[in-house]
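**Q**
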Amino acid sequence: MRSRNWTIGITGLSALLVLGMVIYRTAFGKSVGLGEMVTLGAIMMLFMSTVTWGTKADQDHVREDEELGRKITEQSSKLGYFLLTFFILIAVAIDHWMHEEPSLLLLSLLGLSMVILPFLEWIQMRKYRLSE
């Protein structure tokens, strides 16, 4: 429990520092690059994972490797997939509104996001069919 609290504190503080740096750079007209965004995303992933899941020593939280944890992960992943597809659709619409013609890269990403879930489900179904 104690190491979990330390991890939450350190990752939370790190996320606030990186977010503060991004806000500072934006406020003063400096560019914010891929490195800052990837760093912020990675730290936030670690922070949210630490806050969400328990450990073997910590029995009052759900563990990721338990049945309930796997079910939560599956449902969250599917919801996250649909939300990401929706946000990409919104980005395509905004890009089309701003530039009169949407970006080919954004349109390709939207098409890929709409096809990837059914394709992966098909692959998983084939894997189970072959193992019978």
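Each residue of the sequence shown is one higher than the one before, starting from 1 at the first, in our numbering.
Note that beta-carbon positions come from the ideal geometry of N, C-alpha and C, so glycine has one too.
Just so it is clear, the structure is predicted and the values come from calculations on it, not from any experiment.
Enumerate, from N- to C-terminal direction, the unbroken alpha helix (DSSP H) stretches of 4 or more residues contained entirely within the region 57 to 120.
**A** With a minimum length of 4 residues, the continuous alpha helix (DSSP H) runs that stay inside the region 57 to 120 are 67 to 99.
**Q** Could you please give the first and the last residue of the uninterrupted alpha helix (DSSP H) stretch that includes THR50?
**A** 34 to 52 is the extent of the alpha helix (DSSP H) around THR50.
**Q** Count the CB pairs spanning the region 6 to 21 and the region 40 to 48 that are closer than 8 Å, and state whether there are at least three.
**A** Taking 8 Å as the limit for Cβ pairs, the verdict is that the region 40 to 48 does touch the region 6 to 21.
**Q** To the nearest angstrom, how far is the alpha carbon of GLU190 from that of SER113?
**A** Here the chain has residues from 1 to 132 only, and residue 190 is not among them.
**Q** Following the continuous alpha helix (DSSP H) through THR7, name the residue where it begins and the one where it ends.
**A** From DSSP, the alpha helix (DSSP H) with THR7 extends over 2 to 27.
**Q** Does DSSP put LYS30 in a helix, in a strand, or in coil?
**A** Correct three-state label for LYS30: coil.
**Q** Go ahead and label LEU55 buried or exposed: buried means 16 or more other beta carbons lie within 10 angstroms of its beta carbon, across all protein chains shown.
**A** According to the sequence displayed, residue 55 carries Thr and not Leu. By the 10 Å Cβ count, THR55 comes out exposed.
**Q** Assuming ARG4 and THR39 are in contact, meaning their beta carbons sit under 8 Å apart, how far apart are those beta carbons, in whole angstroms?
**A** About 22 Å separates the two Cβ atoms, so there is no contact after all.
**Q** Give me the residue from PHE28, ALA42, GLN124, PHE82 with the minimum Cα distance to GLY111.
**A** Checked all of PHE28, ALA42, GLN124, PHE82; the closest Cα to GLY111 is PHE82.
**Q** Can you find the residues in the same chain that come closer than 8 Å, C-beta to C-beta, to SER31, ignoring five residues on each side of it along the sequence?
**A** ARG25.
**Q** Quick one: residues in its chain with C-beta nearer than 6 Å to the C-beta of GLU64, no 5 flanking neighbours on either side, listed in chain order?
**A** For GLU64, where only same-chain residues beyond five positions count, the Cβ hits under 6 Å are TRP53.
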